[in-house]
Amino acid sequence: MKDIGIGVIGLGRLGYVHAYNIARRIKRAELIAVCDMNGELARETADEFGCRAYTQVEEMLDDRNIDAVCVVTPTAYHVEPVEAITKRGKPFFCEKPLASNMEDTIKLVKLIAESDSRCQIGFNRRFDPEYAEAKRIIESGELGKPVYFEGISRDPFPPPPWACDPLKGGGLFIDMLLHDFDIARHLMGDDIKSVYARETNMVVPAEGIERFADNVTANLVFSKGALGNCHASMHASYGYDIRTEIYCEKGSILLGSPVKLGITVAKAENGVCKPITFQPEGKMPHFMIRFEESYVREMEDFVDMVIENREPSVTEIDALEAFKVSAAAIESAGSGKEVFLSHGT
Ligand SMILES: NC(=O)c1ccc[n+]([C@@H]2O[C@H](COP(=O)([O-])OP(=O)(O)OC[C@H]3O[C@@H](n4cnc5c(N)ncnc54)[C@H](O)[C@@H]3O)[C@@H](O)[C@H]2O)c1
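See the structure below:
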């Protein structure tokens, strides 16, 4: 007997991954139903996993066997399901970003706070074994204080059109760098105070999208004085290239490399590089493979949170704080000026 029943809304790139993990890999949960506005896709997926298919969110939520919900619709379509879920007070997992603009993000943060629902955000990098190890090392204090964050996030090809459009909750500052902004806050243990960002379009055709950028950079200053830099791109044809460095007082932690994925800790005792973990692949796989383990771990954590009735480990406030950095980066890239952030709702 499984402990809780889950319904997944949105069965595209990542919705399928979450549905698969819940159906096949998460022990304490059962996939009760899937919902997609594309009825054929919903039926096919339901047949594969032996669950019910819906095309209407409200109808799925009325299914009495659903204890918790997973929202994996395109970012601009998170509001409606989140409103329906919070009305029923059900716990839910929502893919990042919580919403596609600041107004909707704040609206949903307030709605969640006023409801009986608990929300966990899909900042999956926090659950990746290598990033979790980096967090452990930083918290152990062995490398002293973190002073510089570097994030590189490059897709091998452009994402779906909506995910390229800043007006639909896409674009590199929101769709991609939000991950870096969140993991930067998480690993540096600090909020981001200001952003100075730049954007350009030199390789991928804009296809009529306003303010389309295929490469962006964001220069960060943290509240305690640490510095950071992030680069995102969508034409890294050599592979899915995700790298992070947290340079600290007494050494550095490097995650990922163009030829091998893994984590390297460089410090005085062990010379320049000591590999801790590697993946066997010689080339970089795309996000579903690179972050495969993290998607399972974050869903396990969500299911445990619901069963144990505890607070989520990643919340809508984390989503709000990361989104503020994305919004500030967009403003800065437009104005050419450094933008300062305020924290809280
Ligand atoms: N954490 C990660 O690594 C990661 C990776 C990819 C995407 N995402 C996030 O996941 C979400 C989904 O992205 P994707 O790339 O899987 O999208 P997608 O475009 O591949 O698929 C979205 C699916 O939702 C369905 N849909 C749209 N509106 C709907 C509605 N109102 N009701 C029911 N179904 C609806 C569509 O028919 C489609 O099948 C986004 O918020 C995105 O930012 C996160």
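Residue numbering for the sequence shown follows the working numbering, beginning at 15 and increasing consecutively. Glycine is no exception: its CB is placed at the ideal position from the N, C-alpha and C atoms.
Reducing DSSP to helix, strand and coil, say where residue i ends up.
{"i": "M15", "result": "Unreliable positioning characterises M15 in this predicted model, as indicated by a pLDDT of 47, which lies under 50. A coordinate reading is not provided."}
{"i": "N323", "result": "coil"}
{"i": "E312", "result": "helix"}
{"i": "R78", "result": "coil"}
{"i": "T359", "result": "coil"}
{"i": "K281", "result": "strand"}
{"i": "L25", "result": "coil"}
{"i": "F301", "result": "helix"}
{"i": "H92", "result": "coil"}
{"i": "Y34", "result": "helix"}
{"i": "G348", "result": "helix"}
{"i": "F337", "result": "helix"}
{"i": "R257", "result": "strand"}
{"i": "A246", "result": "strand"}
{"i": "T231", "result": "strand"}
{"i": "L122", "result": "helix"}
{"i": "V317", "result": "helix"}
{"i": "A342", "result": "helix"}
Is the beta carbon of residue i within less than 6 angstroms of some heavy atom of ligand 3?
{"i": "Y91", "result": "Absence of ligand 3 is noted for the structure shown, with ligand 1 being the only ligands found."}
By alpha-carbon positions, which one of the options ends up nearest to residue i?
{"i": "S308", "options": "F337, G136, V279", "result": "G136"}
{"i": "V209", "options": "E221, I344, E283", "result": "I344"}
{"i": "K182", "options": "R132, A90, E44, L234", "result": "A90"}
{"i": "P111", "options": "Y162, K338, S356", "result": "K338"}
{"i": "S237", "options": "E224, G270, I267, P160", "result": "P160"}
{"i": "A43", "options": "T258, V320, V328", "result": "V320"}
{"i": "D169", "options": "A67, N243, V230", "result": "V230"}
{"i": "Y145", "options": "G270, R27, E352", "result": "G270"}
{"i": "I156", "options": "M302, R311, S131, K281", "result": "What sits at residue 156 in the sequence shown is Glu, not Ile. Closest by alpha carbon: K281."}
{"i": "A56", "options": "K121, D17, T87", "result": "T87"}
{"i": "P175", "options": "A82, E224, E322", "result": "E224"}
{"i": "N115", "options": "P326, H200, F187", "result": "F187"}
{"i": "V273", "options": "R27, D255, G185, A67", "result": "D255"}
{"i": "P258", "options": "S247, I277, Y252", "result": "The sequence shown places Thr at residue 258, not Pro. The residue with the shortest Cα to Cα distance from T258 is I277."}
{"i": "Y364", "options": "E322, L125, G158", "result": "An answer regarding residue 364 cannot be provided, because it is not within the stretch 15 to 359 covered by the chain."}
{"i": "R78", "options": "D332, V96, G19, R304", "result": "G19"}
{"i": "G358", "options": "F63, E330, L275", "result": "E330"}
{"i": "A82", "options": "V353, V317, R324, Y34", "result": "V317"}
{"i": "N35", "options": "M51, E62, R324", "result": "E62"}
{"i": "G350", "options": "R311, H300, A177, T214", "result": "T214"}
{"i": "D179", "options": "G222, V310, L75", "result": "G222"}
{"i": "M190", "options": "D204, F171, G203", "result": "F171"}
{"i": "V310", "options": "R38, D17, E58", "result": "R38"}
{"i": "G265", "options": "Y252, N284, L355, P105", "result": "N284"}
According to the Cβ coordinates, are residue i and residue j closer than 7 angstroms?
{"i": "V9", "j": "C108", "result": "One cannot answer for residue 9 here, as it falls past the ends of the chain, which runs 15 to 359."}
{"i": "L334", "j": "V31", "result": "no"}
{"i": "V217", "j": "H245", "result": "no"}
{"i": "A211", "j": "S346", "result": "yes"}
{"i": "M313", "j": "I80", "result": "no"}
{"i": "V71", "j": "A60", "result": "no"}
{"i": "A148", "j": "I267", "result": "yes"}
{"i": "A220", "j": "F226", "result": "yes"}
{"i": "D130", "j": "V93", "result": "no"}
{"i": "I206", "j": "L241", "result": "no"}
{"i": "R139", "j": "I197", "result": "yes"}
{"i": "F305", "j": "D194", "result": "no"}
{"i": "L192", "j": "S340", "result": "yes"}
{"i": "E164", "j": "N243", "result": "yes"}
{"i": "P95", "j": "I23", "result": "yes"}
{"i": "P326", "j": "R132", "result": "yes"}
{"i": "L28", "j": "D50", "result": "no"}
{"i": "T100", "j": "L125", "result": "yes"}
{"i": "D328", "j": "Q134", "result": "Residue identity differs from the one stated: residue 328 is Val in this sequence, not Asp. Against a cut-off of 7 angstroms, the Cβ pair of Q134 and V328 comes out as a contact."}
Which runs of the alpha helix (DSSP H), 4 residues or longer, sit entirely within the region 141 to 229?
-> 143 to 154, 191 to 202
Original post:
Taking only runs of the alpha helix (DSSP H) that begin and end inside the region 40 to 84, which ones reach a length of at least 4 residues, in chain order?
Top reply: 53 to 63, 71 to 75
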